[in-house]
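Engineer: Residue numbers (this note's numbering): 248 to 554.
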């Protein structure tokens, strides 16, 4: 273990962050694949509940090491607001993903930072120069290329994914407006504690008892999702945004490959074009915002998915 720590210490921070983000893309897309697979037999709301429930094993080592001090916070209200919004975004995303191709879902998921940026100008009064406004407009054009309204039929699934991205973008603005100076462990701990009961309520209305195989798959799904939140937050804390964020585009690649392998899905050319445009616009806005603002004393990166 000491040798491993010494090796990691010699790796440049940006390379560490890129490696963590690479793992994040695999974890998140694998989780999406399991959600889509499980939702063929179980209600998506129930799958969402188990995704939260099985995040507990990832939290346990920190709880054993630090005790209940991980829940010490002066910003309980922020955590409550975040969790409520996060649950709404998650339930909408899970339901939409049950009927949406993996590649399309991940491409539309890139729009969340665009919604957050647009809302920040209204709610927080942030000033956008013409470059960021242009990037925002270009990003939403990319979204229209993916959906192609009037050319192909707009399914309910993609619209729900888009609604999830909007809700998540709103939550990001609320968190930013109230300030966030918590540790990674505290953020994820409150996310798990609040979202388990919040997601249980709608799941009870459609409950079906899962079999042992489904429980095992949902355990893997839940641990992947929670581990992904830890990893992405850590990656953005130790490395530059410019180095880390481009790796996130691999989610679209893995989603296309996994969608074909598991479900025979073949995403069309325009999904990749629109996804690339949305991703490029969102990344540009994130980089401009990072350069425009001074780093906080204890920066905590915002998770970029609502999963």
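Glycine included, each C-beta is placed from N, C-alpha and C at the ideal position.
(1) For residue 400, collect the residues of the same chain with a Cβ closer than 8 Å to its Cβ; drop the 5 residues on either side in sequence, then sort them by chain order.
(2) Kindly give me the distance between the Cβ atoms of residue 393 and residue 366, rounded to whole angstroms, as I take these residues to be in contact under 8 Å.
(3) With 9 Å as the threshold, decide whether the Cβ of residue 316 is near any Cβ in chain D.
(4) Nearest to residue 418 by CA position, among 288, 304, 326 and 298, is which residue?
(5) Would you check if the distance between the CB atom of residue 441 and the CB atom of residue 330 is smaller than 9 Å?
(6) For residue 396, write down the residues that DSSP places opposite it in a beta bridge.
(7) Rounded to whole angstroms, what's the CA-CA distance from residue 406 to residue 480? Just pull it up for me.
(8) Indicate whether residue 328 and residue 436 have their beta-carbon atoms separated by less than 9 Å.
(9) Count the other CB atoms, across all protein chains shown, that sit within 10 Å of the CB of residue 350; report buried if there are 16 or more and exposed otherwise.
(10) Going by C-alpha distance, which of 524, 388 and 500 is nearest residue 513?
(11) Which residues mark the beginning and the end of the alpha helix (DSSP H) in which residue 455 is found?
(12) Could you give the first and the last residue of the continuous alpha helix (DSSP H) run that contains residue 494?
(13) Which residues mark the beginning and the end of the alpha helix (DSSP H) in which residue 283 is found?
Structural biologist: Reading off the structure:
(1) Nothing meets the Cβ criterion.
(2) Not quite, the Cβ-Cβ distance comes to about 21 Å (not below 8 Å), so this is no contact.
(3) Going by chain labels, chain D is absent from the structure shown, which holds only one protein chain.
(4) That would be 326, whose Cα lies nearest to the Cα of residue 418.
(5) yes
(6) In DSSP, residue 396 forms a bridge with 399.
(7) 28 Å
(8) no
(9) buried
(10) 500
(11) In the DSSP assignment, residue 455 falls outside any alpha helix (DSSP H), carrying neither H nor E.
(12) Per DSSP, residue 494 lies in no alpha helix (DSSP H) segment and is marked neither H nor E.
(13) 260-285 is the span of the alpha helix (DSSP H), which, as asked, contains residue 283.
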